[in-house]
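Read top to bottom, the protein sequences are chains A and B.
The first sequence begins at 5 in my numbering and counts up by one.
The second sequence begins at 5 in my numbering and counts up by one.
Glycine is no exception: its CB is placed at the ideal position from the N, C-alpha and C atoms.
There are 2 protein chains.
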Amino acid sequence: MTQSFADLDWSLVQTFLAVAETGSLSAAARVLGVSQPTLGRKVREIEAALGAELFMRHAKGLALSETGAAMLGPAQAMREAAGRLALMAAGEDRRLTGPVRITASVVVSHFVLPPVLTRLRREEPGIEIDLVASDSSENLLFREADIAIRMYRPGQLDVVTRHVTDLGMGIYAATGYLDRVGRPADVDGLLALDWVGFDRNEMILRGMAEAGWRVGRDFFKLRTDDQAAYWQLVRAGGGVGIMQQAIGAAEQLVERLVPELPLPSLPVWLTAHETVRRMPRVARVWEALVAAFGALS
Amino acid sequence: MTQSFADLDWSLVQTFLAVAETGSLSAAARVLGVSQPTLGRKVREIEAALGAELFMRHAKGLALSETGAAMLGPAQAMREAAGRLALMAAGEDRRLTGPVRITASVVVSHFVLPPVLTRLRREEPGIEIDLVASDSSENLLFREADIAIRMYRPGQLDVVTRHVTDLGMGIYAATGYLDRVGRPADVDGLLALDWVGFDRNEMILRGMAEAGWRVGRDFFKLRTDDQAAYWQLVRAGGGVGIMQQAIGAAEQLVERLVPELPLPSLPVWLTAHETVRRMPRVARVWEALVAAFGALS
DNA sequence: ATTGTGTCATTCAATATTGAATAGCACACC
DNA sequence: GGTGTGCTATTCAATATTGAATGACACAAT
């Protein structure tokens, strides 16, 4: 029997939102931690319940229909309310055990956090960590992450921020690349080399401007906003790039260029909603991150 | 593994709301159409997921804790958003088959609608009807009902209203009661009898005021706001009461008193959200109700 | 034309969830 | 004290749901 509108299962709306935002059942399944056939059934279920086609099926995923697009507003309003609800409950949660979700940039996730979190897991086996490697800004207000590690000071309301370190930066190029083009003796020689940069992300442009180098986007002949891909391009000899000293130093395939050149360092901020920050297990992870980043200075 | 806050199953919030508003697992189970053990498990599940105690258990049900009370706001915001979402989808639903939810007062539900809905079921077997007998005002904005039958013109925004009939009212008393106290010859004799009235509901007081009878709440020696109980009290000889003529006429155990006395009639309004009203199966039920109430005039 | 990739839809064994039945409790009524 | 009522918590057979495996499809790359 078809259920009434008033009886719509709200978890179906959750499913709808995930599929709408990822663009496919498979991707949404990965995000939600369920299987693709399960999501397929749930999408059909909400479409049947509402008597409306919310998605148009394609070989490479699902696109929102007009109806589906119209529903995004209220669906996102539900998520906002659900996040507020979770925040209220967080104030009551005194458990030291349970999950903590951390979001950090791809590079920090790959190179900085693994040893930190591994040690924390040994010290606090009751705390489970979800690490979300993402260069986008998660919304802490809605409990999409408990702690965010950022390279800028977030300006969101009601969040606690703490400056934990400044990451020293260095200029690197692959040994193979340098063997081929020669090692520059000065800044002019350095700037004449091929450079790897970001695409739309202006962080490097701003950093170079701060160092007094007026360059434009086309100065970089290889561009990507994916930070992991960025470093792989540099490692592979794609050109000169900028990376954290701790990461560059650990890499055998690259050489640091012109080490005496002062570069602006990269500030690292921990961020959390103040209610969430007070939860015992989040506070414990926060302390561990403060100590770990402090040791990097 | 304890799930993360971000992964909270929204149907658990739905459960929380139903239990919070009904005050017990058993009552909420009846409302939601699931079993009491199922709701018991789901309440424990959301409490575990949020790491907070939302309810205080009692022998006669569950009372909200402070945390639970604080969560009502965002939970109700979710329901509001879910209702808006359902309304948007309703505009797309062109099916003539499926469920339609009607809410009407207890008396109309008991005495007027059964033959109407029975005939409609024969004519449109693809339409399923949920009849909610309730004297409270459902919220049509949130799709808590598709069509409401009311004795007053609703003032809600975006709803379509239609005045379908005026119900003639009459004064009745049980034959047994009248045999015992005598049949009044005039209005003074009538007012000297015992009367059955409402408790907090002022509808009868207002009706009598309109008829020029200034009486107070204590004029009624038997009082209930439950309209079915009201009529049963009159039928059982509890005193004089006012009822729709169609209902009074069909009842063998009562007699109409002072038929020449003009009473204000009771207007009947059909109400539906305008988007919902356009859905084919809701439009069909609306037509059937218009025709049925029209035949009562 | 062939191959590889990522997608959705289907099947069915495995797993999870549900609800009937029941126990136990608190309270009101007699 | 005994009985009736309405509640929550527990057990376990019945039922529903899930996901592994698979087929089919569209598209890009070769």
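Using a Cβ-Cβ cut-off of 8 angstroms, state whether residue i counts as contacting chain B.
i: Val17/A; result: yes
i: Ala93/A; result: yes
i: Arg99/A; result: yes
i: Ala189/A; result: no
i: Gly130/A; result: no
i: Thr71/A; result: yes
i: Ala85/A; result: yes
i: Gly55/A; result: yes
i: Gly102/A; result: yes
i: Met5/A; result: Since pLDDT at Met5/A reaches only 31, below the 50 mark, its modelled position is unreliable, and no value is offered.
For residue i, count neighbouring Cβ atoms within 10 angstroms of its own Cβ and tell me buried if that reaches 16, exposed if not.
i: Pro263/B; result: exposed
i: Asp97/A; result: buried
i: Gln18/B; result: buried
i: Lys64/A; result: exposed
i: Gln248/B; result: buried
i: Trp235/A; result: buried
i: Met5/A; result: The predicted model places Met5/A with a pLDDT of 31, which falls under 50 and marks its position as unreliable; any figure quoted below should be read in that light. Per the 10 Å Cβ criterion, exposed.
i: Leu100/B; result: exposed
i: Ala299/B; result: exposed
i: Pro78/A; result: buried
i: Arg218/B; result: exposed
i: Gly87/B; result: buried
i: Gly216/B; result: exposed
i: Arg239/A; result: buried
i: Leu265/B; result: exposed
Give a yes or no on whether the minimum CB-CB distance between residue i and chain A is below 8 angstroms.
i: Leu12/B; result: yes
i: Ala79/B; result: yes
i: Glu96/B; result: yes
i: Arg45/B; result: no
i: Arg88/B; result: yes
i: Ala74/B; result: yes
i: Met82/B; result: yes
Spatial neighbours of residue i within its chain, please: C-beta separation below 6 angstroms, excluding the five flanking residues on both sides.
i: Trp14/B; result: none
i: Leu36/A; result: Ala22
i: Lys225/A; result: Asp198
i: Leu237/A; result: Val200, Leu226
i: Ile106/A; result: Leu135, Ile151
i: Val294/A; result: Val168
Just to confirm my understanding: we take residue i, look at its own chain, exclude 5 residues before and 5 after, and list those with CB closer than 7 angstroms. What are they?
i: Glu259/B; result: Tyr176, Ala177, Thr179, Leu182
i: Phe297/B; result: Val168, Thr169, Val272
i: Gln7/B; result: The predicted model places Gln7/B with a pLDDT of 46, which falls under 50 and marks its position as unreliable, so this point remains unresolved.
i: Gly72/A; result: Ala24, Leu58, Phe59
i: Gly26/A; result: Before going further, note that residue 26/A is Thr rather than Gly in the sequence given. Here the set comprises Ala32, Val35.
i: Gly241/A; result: Ala178, Gly180, Tyr181
i: Leu76/B; result: Ala24
i: Glu49/B; result: Leu16
Among the residues of its own chain, which have a CB less than 8 angstroms from the CB of residue i, if the five just before and after it don't count?
i: Ser269/A; result: Asp170, Leu171, Gly172, Met173
i: Ala276/B; result: Leu144, Asp150, Ile151, Ala152, Val163, Val164, Val286, Trp290
i: Ser197/B; result: In the sequence under discussion, the amino acid at residue 197/B is Leu, which differs from the Ser named in the question. Correct list, in chain order: Ala177, Val185, Pro188, Gly243, Val244.
i: Gly211/A; result: Met173, Ile246, Leu267, Pro268
i: Tyr156/B; result: Pro271, Trp273
i: Glu127/A; result: Ala292
i: Phe223/B; result: Trp199, Gly201
- Item | contact_flag[the segment 160-175 of chain A, the segment 278-292 of chain A] where n(CB pairs < 8 angstroms) is 3 or more | Yes: the two stretches touch, three or more of their Cβ pairs being nearer than 8 angstroms.
- Item | Cβ pair count under 8 angstroms reaching 3, the segment 109-116 of chain B against the segment 227-244 of chain B | Between the segment 109-116 of chain B and the segment 227-244 of chain B, the count of C-beta pairs closer than 8 angstroms reaches three or more; the two stretches touch.
- Query: Three or more C-beta pairs closer than 8 angstroms, one from the segment 89-107 of chain B and one from the segment 116-125 of chain A: is that the case here?
  - Reply: The segment 89-107 of chain B makes no contact with the segment 116-125 of chain A; the number of CB pairs closer than 8 angstroms stays below 3.
- Message: Three or more C-beta pairs under 8 angstroms: does that hold for the segment 28-47 of chain B against the segment 276-285 of chain A?
- Response: At 8 angstroms Cβ cutoff, the stretches do not touch.
- Item | Runs of beta strand (DSSP E) wholly within the segment 94-158 of chain A (minimum 3 residues, chain order) | 102-108, 131-137, 151-154, all fully within the segment 94-158 of chain A.
- Message: My parser needs the alpha helix (DSSP H) runs of 4 or more residues fully inside the segment 216-270 of chain A; what are they?
- Response: Entirely contained in the segment 216-270 of chain A, the alpha helix (DSSP H) runs reaching 4 residues are, in chain order, 231-239, 249-253.
- Message: Closer than 8 angstroms is the cut-off here; do at least three beta carbon pairs connect the segment 53-72 of chain A with the segment 243-260 of chain A?
- Response: These segments do not touch.
- Does the segment 127-140 of chain B touch the segment 181-201 of chain B, meaning 3 or more C-beta pairs lie closer than 8 angstroms? Below 8 angstroms, too few C-beta pairs join the segment 181-201 of chain B and the segment 127-140 of chain B to call them touching: fewer than three.
- Item | Start-end ranges of the alpha helix (DSSP H) lying completely within the segment 27-70 of chain B, minimum 4 residues | Every alpha helix (DSSP H) of 4 residues or more that sits fully in the segment 27-70 of chain B is shown, in chain order, as 29-36, 40-54.
- Message: Quick check on the DSSP output: what are the complete beta strand (DSSP E) runs of length 3 or more inside the segment 151-200 of chain A, in order along the chain?
- Response: If we require 3 residues or more, the beta strand (DSSP E) runs fully inside the segment 151-200 of chain A come out as 151-154, 163-171, 173-178.
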